[in-house]
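>
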DNA sequence: CAATAACCGAGACGGTACGTCGAGTCTTATA
DNA sequence: TATAAGACTCGACGTACCGTCTCGGTTATTG
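Protein chains in written order, with my numbering: chain A, 738 to 937; chain B, 738 to 937; chain C, 738 to 937; chain D, 738 to 937.
1) Who are the neighbours of residue 780(B) on chain A, taking C-beta pairs under 8 angstroms?
2) Report yes if the CB atom of residue 854(A) is closer than 7 angstroms to the CB atom of residue 854(B), and no otherwise.
3) If we ignore side chains and look at the alpha-carbon of each, how far apart do residue 887(B) and residue 859(B) end up?
4) Using C-beta distances below 8 angstroms, list every residue in its chain close to residue 916(C), excluding the 5 sequence neighbours before and after it, in chain order.
5) Along chain D, in chain order, which residues have C-beta atoms closer than 8 angstroms to that of residue 921(C)?
6) For residue 761(A), is the classification buried or exposed, using 16 other Cβ atoms within 10 angstroms of its Cβ as the cut-off for buried?
7) How long is the line joining the alpha carbons of residue 779(D) and residue 906(D), rounded to whole angstroms?
8) Can you tell me whether residue 797(B) is buried or exposed? The criterion is at least 16 other CB atoms within 10 Å of its CB, across all chains shown.
9) Is residue 800(A) helix, strand or coil when you go by DSSP?
10) In whole angstroms, what is the alpha-carbon distance linking residue 789(C) and residue 795(C)?
11) Extract the residue ranges of the beta strand (DSSP E) inside the segment 869 to 916 of chain A, only unbroken runs of 3 or more that lie entirely within it.
12) Say whether chain B places a C-beta atom closer than 7 angstroms to the C-beta of residue 903(A).
13) For chain A, check one thing: does any of its Cβ atoms lie closer than 7 angstroms to the Cβ of residue 948(B)?
14) Report the rounded CA-to-CA distance for residue 768(C) versus residue 786(C), giving the unit in angstroms.
15) Expressed to the nearest angstrom, what Euclidean distance is found between the alpha-carbon atoms of residue 704(A) and residue 773(A)?
16) If you follow the alpha helix (DSSP H) that residue 845(A) is in, where does it begin and where does it stop?
17) Taking the alpha carbon of residue 775(B) as the reference point, which residue from 793(B), 764(B), 856(B) and 839(B) has its own alpha carbon closest?
18) Give the residues of chain A in contact with residue 895(B), contact being defined as C-beta atoms less than 7 angstroms apart.
19) Using beta-carbon positions only, say whether residue 842(D) and residue 813(D) come within less than 7 angstroms of one another.
20) Give me the Cβ distance between residue 927(D) and residue 904(D), rounded to the nearest whole Å; I'm assuming they're in contact under 8 angstroms.
21) If the criterion is Cβ atoms closer than 7 angstroms, does the pair residue 923(D) and residue 911(D) meet it?
22) Quick one: is residue 854(B) near chain A, going by C-beta distance under 7 angstroms?
23) Residue 909(C) touches chain D at which residues, Cβ-Cβ below 8 angstroms?
24) Just checking: is the beta-carbon of residue 934(C) within a distance shorter than 7 angstroms of some beta-carbon in chain D?
25) At a Cβ threshold of 7 angstroms, is residue 887(B) touching chain A?
26) Could you tell me the boundaries of the alpha helix (DSSP H) in which residue 786(B) lies?
27) Assuming residue 923(C) is part of the alpha helix (DSSP H), what are its boundary residues?
28) Determine the burial state of residue 918(A): buried for a count of at least 16 other Cβ atoms within 10 Å of its Cβ, exposed for fewer.
29) Name the two residues that bound the continuous alpha helix (DSSP H) containing residue 779(D).
30) Residue 917(B) touches chain A at which residues, Cβ-Cβ below 8 angstroms?
31) Taking CB distances under 7 angstroms as the criterion, tell me whether residue 868(C) reaches chain D.
32) Under 7 angstroms Cβ to Cβ from residue 682(C), same chain only, skipping five residues before and after it: list those, please.
33) For the alpha helix (DSSP H) containing residue 814(B), list its first residue and its last residue.
34) Here's a check: name, in chain order, each residue in its chain whose Cβ is nearer than 7 angstroms to the Cβ of residue 931(A), leaving out the five neighbours to either side.
35) Measure from the alpha carbon of residue 914(A) to the alpha carbon of each residue in 890(B), 784(B), 810(B) and 869(B), then state which is nearest.
36) Just the Cα atoms here: how many angstroms apart are residue 752(C) and residue 802(C)?
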């Protein structure tokens, strides 16, 4: 399922056993403030100081948890495990459209729409970091798509990965440009294209 | 034709008749510095102060010509009239692949790759400005695509605009993620997908 | 004469001929805020941010002029040329007491009292910088003292520099500890001590 | 005798009888770290956090024992009972010089030299606290000086307290500025001055 | 040919975000 | 029940870029 983004994220890695434990309300407040600012003011205005201010938290409390704005936002909009739209029944004709619609809806969620171009900029000089983001968000979709096609037993005229890239690229670009507006129609069109290729 | 980006751009519209005229070498230097910085250091590091520094020019000389970093970059990477890949012979089977390859190559030009996510961020709270960018870059492509299909006389099973969006979205996403690497293969795949839909 | 501390100080060294000239009101405001804060809140609370705030000026405008808090304060409390108490008539018996009183009064000026221990701390690991401060403030006094004694034609039983150090050390310590309270009496005592040595 | 400063000091007054007892090694480590930092890096760099770090101890463990950096340092450099240079034989001519030298040597001890200006700054807005420091360090010297002069039976031309202030002020200022360098010569000069006054 | 006006580089200006550090306070597990 | 450790808020640090401004000086067109 395409998940909502409401969980505070498990923050950093290991929790040390001694000393005052981190206040989970701080995590929640930062998480919440980040998403709010992303949606309200965009990526650029979502500065760490603004996040701290809105969360009612000090800047060091943010830096203690995340080493950069990019990491914080990455984790806020891509909480692990909530990324892969699930495959559906198995009938290509009926399934592909809701599947596409699901992806388009997911990519149109305001914080995701706002975060993606920002992360692209941030990681412009660090392709590996961007690959990490892709891994967390795209790879699960690609897997479910592959699994889905495997169930249908088809051998398309176009390599499956390329076909997936066409589908996702179309939906991704649409989401960036128009958000959820007209999602249903466009998802239908994309699904139709993929279906035709599969049936050819 | 997909154009190279080497010309200093005619800057602002009207040239006032009185007073000292602008030094065209300043325009050239800013233009050049902008593209260089975009490619070398990415959108974020391409600050106006850095551009001025590299161009050997003062910051006000930049602001005199462009009111913001976004406008400057927009003009530097999308010099008017150089945007529309030209249509080709008319035979769908043979034309579509070079056409897609042309678009993918164009979108993979380093300054364009670097500029697009930055402009997306910059215009996050100003969709109209982003539409202006789209108009300058996408609309000519869409027109040529329509004209191209008109020549073939086909009536596809998917609305032409949606089909174009699928094609361009796929190529755009590919360019953002991988640049020109493997462009030929992917362009072939995209062309195949479109062809299949057209022939269906 | 022992000078008042009211002048904005000529700021940095050379004034460059190009670029927007510095706003002299900014200099004045910083100078004034520094002295006020020193007197009201002490050396420690006289932070650069607090100075900027009180002067109604941005922090960078302070850093543009002085590279550190120490330099700023040094210049604010020791404006060049106002440091040497002048020698008096020439009669040891009558002169020495007002001379000592003058020095004690000078060292008791609130900003000086407040600044000296702070500068001592600041330059604890940079004795040369402290020597520079001494040069600006003590050396003129020492010179005038020497000149003064030369006029009397005496050859004291204690080296003149040591005698000066005893006199100034006594007055300096008194000023640090008690300020101007009971200055007259203490100046008389110090003058008496020096006189006795000179007459011995 | 002028005492060395090596003992950890008995910390706070009362030792509570209940609960986990304090680890005395923590006291020792803090004490040692404080003196080391004072000498190596100066008063300013001797932050409580740095002390805790060097002592291998947490900051609250320091605050539990001393309520402020000033108190900690005060106690570290002026351990009670080690402050008064002892009076000597009783012959003014021969005694005064070693007495002055002793004081000068004491005030030149690196931690004391480093601590004094810092404490002056710290107590700039709390003269009573500074008086407390003076009481602990100067008053014993003043008493021994008075007792010393009483033994000689002299009635000097300058009030004894003022004479003491001249002597100590001269030595104190010398110690702050030059430390122990040339101590012997300067002590001789100071002693000569005092002697002359006493004999006059 | 003089006046005018827009340009030029340089740099000051008030703001704001950056990421770090020290000051003290608090909360928890541990002894 | 006090300790030790670390998270907490707060605010100063010094730097960078923002976009604007003021300056002295230059270069063209206009009167």
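Even glycine gets a Cβ: it sits at the ideal position worked out from N, Cα and C. Predicted, not measured: the structure shown is a model, and the values here were computed from it.
Inspection of the coordinates gives the following:
1) By Cβ distance, chain A contributes 858 and 861.
2) yes
3) 36 angstroms
4) 845, 847 and 850
5) Neighbours of residue 921(C) on chain D: none; closest Cβ ~12 angstroms, over 8 angstroms.
6) exposed
7) Roughly 22 angstroms separates the two Cα atoms.
8) exposed
9) helix
10) 6 angstroms
11) none
12) It does; some Cβ of chain B falls within 7 angstroms.
13) Nothing about residue 948(B) can be reported from this structure: the residues present for chain B run from 738 to 937 only.
14) The C-alpha of residue 768(C) lies about 14 angstroms from the C-alpha of residue 786(C).
15) With chain A represented from 738 up to 937, any question about residue 704(A) goes unanswered, as that position is not in the structure.
16) Note, residue 845(A): alpha helix (DSSP H), 829 to 845.
17) 856(B)
18) 926, 929 and 930
19) no
20) Going by Cβ atoms, the distance from residue 927(D) to residue 904(D) rounds to 6 angstroms, so yes, they are a contact pair.
21) Yes, these two residues count as a Cβ contact at 7 angstroms.
22) Residue 854(B) counts as touching chain A.
23) At a C-beta separation below 8 angstroms, residue 909(C) has these neighbours in chain D: 906 and 910.
24) yes
25) no
26) 785 to 792
27) 920 to 936
28) exposed
29) That run of the alpha helix (DSSP H) goes 761 to 782.
30) For residue 917(B), there are no C-beta contacts with chain A under 8 angstroms, since the nearest C-beta of that chain is about 14 angstroms from it.
31) Among the residues facing chain D, residue 868(C) is not included, as its CB has no counterpart in that chain under 7 angstroms away.
32) No information on residue 682(C) is available, as it lies outside the stretch 738 to 937 that chain C covers here.
33) 806 to 814
34) Within its own chain, the residues whose Cβ lies closer than 7 angstroms to the Cβ of residue 931(A), once the five positions on either side in sequence are excluded, are 833, 900 and 904, listed in chain order.
35) Ranked by how close their Cα comes to the Cα of residue 914(A), the residues 890(B), 784(B), 810(B) and 869(B) have 869(B) in first place.
36) Residue placement at residue 752(C) is flagged as unreliable, the pLDDT there being 46, under the threshold of 50; the coordinate-derived value follows with that caveat. Looking at the two C-alpha atoms, the distance is approximately 11 angstroms.
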